[in-house]
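Chemist: For the record, the sequence lines run as chains A and B.
Under the working numbering, residues 193 to 458 are what the first sequence spells out, in order.
Under the working numbering, residues 106 to 378 are what the second sequence spells out, in order.
Beta carbons are placed, not taken as given, at the ideal position from N, Cα and C, and that holds for glycine.
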Amino acid sequence: MSKGYMLVALGNDYVEQACLCAASIKKTQDISNVSIMTNDAIPTKYKNLFDKIIEVPQRKSDKSFYSTEHRWKVFHVTPYEETIVLDTDILFLTNIDYIWETLKGFSVGFLTDAKTYRGNTVTNNFYRQVFVKNNLPNIYNAFHFFRQDNIALDYYKNLEIICKHSEEFYDIHLKKLKPKVSSMDVNHALAVLNSSLEKYKITPINFVHMKPRVQDWKVANESWMEDLPFYLNEDLNLKVGNYQQFGVFHYVEHKFCQDVIGRYNA
Amino acid sequence: MSNGVLCFANNNSEINYILQAQELALRVKRYLDLPTSVVTSTPNKVDKTFFDKIIPVETPTGNYKRYYDGADTHVNVAFNNAGRIDSFDLTPYKQTLVLDTDVILCNDDLKNSFDTNYPFQIYKDCTDLTTWREHTEFDYINDKGISFYWATAFCFNKTAETKIFFQLLKTLRNNWSHFAKVFDLGSRNFRNDHIFSMAIHIMNGFMEGNWAKNLPGTLYYTLDRDLLHKIDDAKLIFLLQKENIHGEYILSSTKDMNVHVMNKFSLERLLNV
């Protein structure tokens, strides 16, 4: 098992999302190894989706909103030589196995091209003000890659320090605007800046990001699900607002997971 | 292979579309060197000398629509222009350019649409003559919806593919109340631009795509809140509603530019001279 996906799920909602994500990977990918790092119980019916269910090492408590003090540990527990780490609120809709070939030249890599559900590149930086103001690399840790090599090891050691001391790093590096809570996207961006990575942008693939204020709408509610209908047919093809969706779909809203996970049980 | 232009002219109580069609046919001959056929429910009112063929149809049913004549005047009259959905069946040509009668041709750009093998061409973007107006409703059919295409002008070849497209248009038209909900148009009246946008979106596989190719050149437009002041061959003079000042206009002119004049009353006043 040299290639596979890792999910980090800390909390019941995230576990449910991870199960949906894993089910969608099994349904669409030929390379479909998935493991999960969690301390929470996986519902019995979903356990067989995962190669390994791995406890979070040395987890006493979660101090941060996004559990950033734990998420860097994924590098050290993954059973795979090459790992794609995913946010749990991601759904795979079509096959993207080709991406593994592209990743041959990477030690660590991130998606940088987010799309709206209409297929336009996200240009609105409403949620990325910290990145814009501080001139950080515009990376998304929701889908990132590492291989087990020394470059990635150095990178993750650096990330560990940033995650453990994020406030101090933010004081030093984010002079113009700081996130309200420790952010894994920001921590990775700082780690990239402090790294010797020659390349880190995974460009042959993008993902659909369903945060409402990046959709180029005049009016947006807090949840895209208040604004757009979606249709998931029996073959698990997804249309959002009459747009067929493909590839990697970052749905953001837990309600979406609750609405569709039953379809993947069969 | 026969090429030609097709237009639809069904007069209502206020607007003489046949008069507009005659002007269009003259300009089509001059700039595109093509024949024009007109589809109309009142063939006896058509001066045959302007047209290649006069294609009679039943009086079409339509919506009532508010037509402005400048900033302050408007009337509600019947809009009987859903016939273009039947263009595939009605056209006498193998390759057909369908044009709204209120398009004033002033150059030969559209001639190039006949030099391609594309089955279907249409404008996705047209350009407002003003620089200060934002029309997001011409980008997408609504805030969250699909891309907008202008049914004002389109060119098609008679192929199996375009036959499917026009059949699809009919299905959408015949089930409009359903599809208006599916595409989140609420209770809005049937509109050619919307139904063409829906059909193109479906032909693209429910995503952005290039099944429909762009027509050559640029089609400019003015709103019905603007006034067409003068037609001087290929030079058109407009009064464009000022930014943020209701009822005041700014003088503007175009030369050698194709313009879709939405104020049909001001167009007709000039054609009647």
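1. Nearest to A:Tyr272 by alpha carbon, out of A:Asp281, A:Asn225, A:Leu369, A:Leu285?
2. Does DSSP put A:Tyr435 in a helix, a strand or coil?
3. Can you find the residues in the same chain that come closer than 7 angstroms, C-beta to C-beta, to B:Leu139, ignoring five residues on each side of it along the sequence?
4. Over the uninterrupted alpha helix (DSSP H) stretch that includes A:Met198, give me the two end residues.
5. Could you tell me which of B:Gln127, B:Ile120, B:Ser218, B:Lys153 sits nearest to B:Lys170, measuring between CA atoms?
6. Determine the closest residue to B:Tyr245 out of A:Asn204, A:Leu389, A:Trp409, with distance taken between C-alpha atoms.
7. Could you tell me the boundaries of the beta strand (DSSP E) in which A:Met229 lies?
8. Going by beta-carbon coordinates alone, are B:Phe253 and B:Asn168 separated by less than 9 angstroms?
9. Quick check on DSSP: helix, strand or coil for A:Phe242?
10. Work out the CA separation of B:Lys275 and B:Phe165 for me, nearest whole Å.
11. Identify each residue in the stretch 291–325 of chain A for which the Cβ-Cβ distance to at least one residue of chain B is less than 7 angstroms, and report them in chain order.
12. Can you list, in chain order, the residues of its chain whose CB lies under 7 angstroms from that of B:Leu372, leaving out five sequence neighbours each side?
13. Of all the CB atoms in chain A, is at least one closer than 9 angstroms to the CB of B:Glu373?
14. Residues of chain A with CB closer than 9 angstroms to the CB of B:Glu313, please, in chain order.
15. So, does the CB of B:Val287 fall closer than 9 angstroms to a CB anywhere in chain A?
16. Can you tell me whether DSSP reads A:Ile331 as helix, strand or coil?
17. Exposed or buried, which one is A:Ile285 when buried takes at least 16 other CB atoms within 10 Å?
18. Output yes if chain A places a C-beta closer than 9 angstroms to the C-beta of B:Tyr401; else output no.
19. Can you check whether the CB of A:Val322 is closer than 9 angstroms to the CB of A:Lys188?
20. I'd like the list of long-range same chain contacts for B:Ala176, defined as Cβ closer than 7 angstroms, with 5 residues on each side in sequence excluded.
21. With H, G and I counted as helix, E and B as strand and the rest as coil, what does DSSP make of A:Asn379?
22. Could you pull the start and end residues of the alpha helix (DSSP H) that B:Ile300 belongs to?
23. Report the residues of the stretch 273–301 of chain B with a CB closer than 9 angstroms to any CB of chain A, ordered along the chain.
24. What are the residues in the stretch 350–365 of chain B lying within 9 angstroms of chain A by C-beta distance?
25. Assign B:His283 to buried or exposed, taking buried as 16 or more other Cβ atoms, counted over all protein chains shown, within 10 Å of its Cβ.
26. DSSP three-state label for A:Tyr272, please.
27. Which chain A residues are close to B:His306, counting only those with a beta carbon under 9 angstroms from its beta carbon?
28. Since I believe B:Cys211 is in contact with B:Leu341 (beta carbons under 8 angstroms), could you give me their beta-carbon distance rounded to a whole number of angstroms?
29. Would a C-beta distance cut-off of 9 angstroms place A:Ala306 and A:Phe422 closer than the cut-off?
30. In the structure shown, what three-state DSSP assignment does A:Gln321 receive?
31. According to DSSP, A:Arg416 sits in a beta bridge with which residue or residues?
32. Please work out which residues of its chain come closer than 6 angstroms, Cβ to Cβ, to A:Ala458, disregarding the five sequence neighbours upstream and downstream, and give them in chain order.
33. For B:Lys369 and chain A, any beta-carbon pair shorter than 9 angstroms?
34. Since I believe A:Ile245 is in contact with A:Ile228 (beta carbons under 8 angstroms), could you give me their beta-carbon distance rounded to a whole number of angstroms?
35. Report the rounded CA-to-CA distance for A:Leu345 versus A:Ser415, giving the unit in angstroms.
36. I need the boundaries of the alpha helix (DSSP H) containing A:Asn342, first residue and last residue.
Modeler: Let me spell this out:
1. Here the question's residue 272 of chain A lines up with position 80 in the first sequence. Nearest C-alpha to A:Tyr272: A:Asn225.
2. Translated into positions along the first sequence, residue 435 of chain A becomes position 243. A:Tyr435 sits in a strand when the DSSP states are folded into three classes.
3. Here residue 139 of chain B corresponds to residue number 34 of the second sequence, with the count starting at 1. Sequence-distant partners of B:Leu139 (beyond 5 residues in either direction) whose C-beta falls short of 7 angstroms from its own C-beta, in its chain, are Asn108, Gly109, Val110, Val133.
4. Position 6 of the first sequence holds residue 198 of chain A. Going by DSSP, A:Met198 is part of no alpha helix (DSSP H) but of the beta strand (DSSP E) stretching over 195–200.
5. In the second sequence, the residue the question calls residue 170 of chain B occupies position 65. Residue B:Ile120 is the option with its Cα nearest to B:Lys170.
6. For this step, residue 245 of chain B is matched to residue 140 along the second sequence. Cα-wise, what sits closest to B:Tyr245 is A:Trp409.
7. Along the first sequence, read from residue 1 onward, the residue named residue 229 of chain A stands at position 37. It spans 226–229 - the beta strand (DSSP E) in which A:Met229 sits, taken as one unbroken run.
8. Sequence index remark: in the second sequence, residue 253 of chain B carries index 148 (1-based). Sequence index remark: in the second sequence, residue 168 of chain B carries index 63 (1-based). Pairing B:Phe253 with B:Asn168 gives a Cβ-Cβ distance that is not under 9 angstroms.
9. Within the first sequence, numbered from 1, the residue matching residue 242 of chain A stands at position 50. Coil, per DSSP.
10. Here residue 165 of chain B refers to the residue found at position 60 when the second sequence is read from its first residue. Here residue 275 of chain B refers to the residue found at position 170 when the second sequence is read from its first residue. For the sequence presented, residue 165 of chain B should be read as Pro rather than Phe. Straight-line Cα distance between these residues: approximately 14 angstroms.
11. Residues are counted here when their Cβ sits less than 7 angstroms from a Cβ of chain B; for the stretch 291–325 of chain A these are Arg310, Gly311, given in chain order.
12. Counted from its first residue, the second sequence places residue 372 of chain B at position 267. Taken in chain order, the residues that qualify are Gln125, Asp207, Leu333, Val366.
13. Residue 373 of chain B sits at position 268 when you count from the first residue of the second sequence. At a cut-off of 9 angstroms between C-beta atoms, B:Glu373 does not count as an interface residue with respect to chain A.
14. Working through the second sequence from its first residue, we reach residue 313 of chain B at position 208. Chain order gives the chain A residues near B:Glu313 as Arg310, Gly311, Asn312, Tyr435, where near means a beta carbon separation below 9 angstroms.
15. As a position in the second sequence, residue 287 of chain B is number 182, starting the count at 1. Any Cβ of chain A closer than 9 angstroms to the Cβ of B:Val287 would place that residue at the interface, and such an atom is present.
16. Working through the first sequence from its first residue, we reach residue 331 of chain A at position 139. In this structure, A:Ile331 counts as coil in the three-state DSSP scheme.
17. For the purposes of this step, residue 285 of chain A is identified with residue 93 of the first sequence, where counting begins at 1. The sequence given here places Leu at residue 285 of chain A; Ile does not occur at that position. A:Leu285 counts as buried, since at least 16 other C-beta atoms from the protein chains shown sit within 10 angstroms of its C-beta.
18. Given a span of 106 to 378 for chain B in the structure shown, any question on residue 401 of chain B remains unanswerable.
19. With chain A covering only 193 through 458, there is no way to say anything about residue 188 of chain A.
20. Residue 176 of chain B sits at position 71 when you count from the first residue of the second sequence. Same-chain partners within the cutoff: Arg330, Gln346, His351, Gly352.
21. One-based indexing of the first sequence puts residue 379 of chain A at position 187. Reduced to three states, the DSSP call for A:Asn379 is helix.
22. As a working mapping, residue 300 of chain B is identified with position 195 in the second sequence. Where B:Ile300 is concerned, the enclosing alpha helix (DSSP H) stretches over 297–308.
23. Here the close residues are Val287, Phe288, Asp289.
24. Going along the stretch 350–365 of chain B in chain order, one finds no residue with a Cβ nearer than 9 angstroms to chain A.
25. Locating residue 283 of chain B in the second sequence gives position 178, counting from the first residue. It counts as exposed.
26. Indexing the first sequence from 1 puts residue 272 of chain A at position 80. Of the three classes helix, strand and coil, the one that applies to A:Tyr272 here is coil, per DSSP.
27. Within the second sequence, the letter at position 201 stands for residue 306 of chain B. Asn434, Tyr435, listed in chain order.
28. In the second sequence, residue 341 of chain B corresponds to position 236, counting from 1. In the second sequence, residue 211 of chain B corresponds to position 106, counting from 1. That pair is a contact at about 7 angstroms.
29. Within the first sequence, numbered from 1, the residue matching residue 306 of chain A stands at position 114. Within the first sequence, numbered from 1, the residue matching residue 422 of chain A stands at position 230. Taking 9 angstroms as the Cβ cut-off, A:Ala306 and A:Phe422 do not qualify as a contacting pair.
30. The residue given as residue 321 of chain A occupies position 129 in the first sequence. Here A:Gln321 sits in helix by DSSP.
31. As a working mapping, residue 416 of chain A is identified with position 224 in the first sequence. Here residue 416 of chain A turns out to be Trp, not Arg, going by the sequence shown. By DSSP's assignment, A:Trp416 forms no beta bridge with any residue.
32. In the first sequence, residue 458 of chain A corresponds to position 266, counting from 1. Bear in mind that the predicted position of A:Ala458 carries a pLDDT of just 48, short of 50, making it unreliable; the figure below should be weighed with that in mind. Non-local beta-carbon contacts of A:Ala458 in its own chain, meaning distances under 6 angstroms to residues more than five positions away in sequence, are absent.
33. Here residue 369 of chain B refers to the residue found at position 264 of the second sequence. Output row for B:Lys369: interface = no.
34. What you label residue 228 of chain A is simply residue 36 of the first sequence in a count that begins at 1. What you label residue 245 of chain A is simply residue 53 of the first sequence in a count that begins at 1. Contact between A:Ile228 and A:Ile245 holds: CB atoms are separated by about 6 angstroms, below the 8 angstroms threshold.
35. Your numbering for residue 345 of chain A matches position 153 in the first sequence. Your numbering for residue 415 of chain A matches position 223 in the first sequence. Distance between the alpha carbons of A:Leu345 and A:Ser415 is about 37 angstroms.
36. Taking the first sequence and counting its residues from 1, one reaches residue 342 of chain A at position 150. Counting along the chain, the alpha helix (DSSP H) containing A:Asn342 begins and ends at 342–356.
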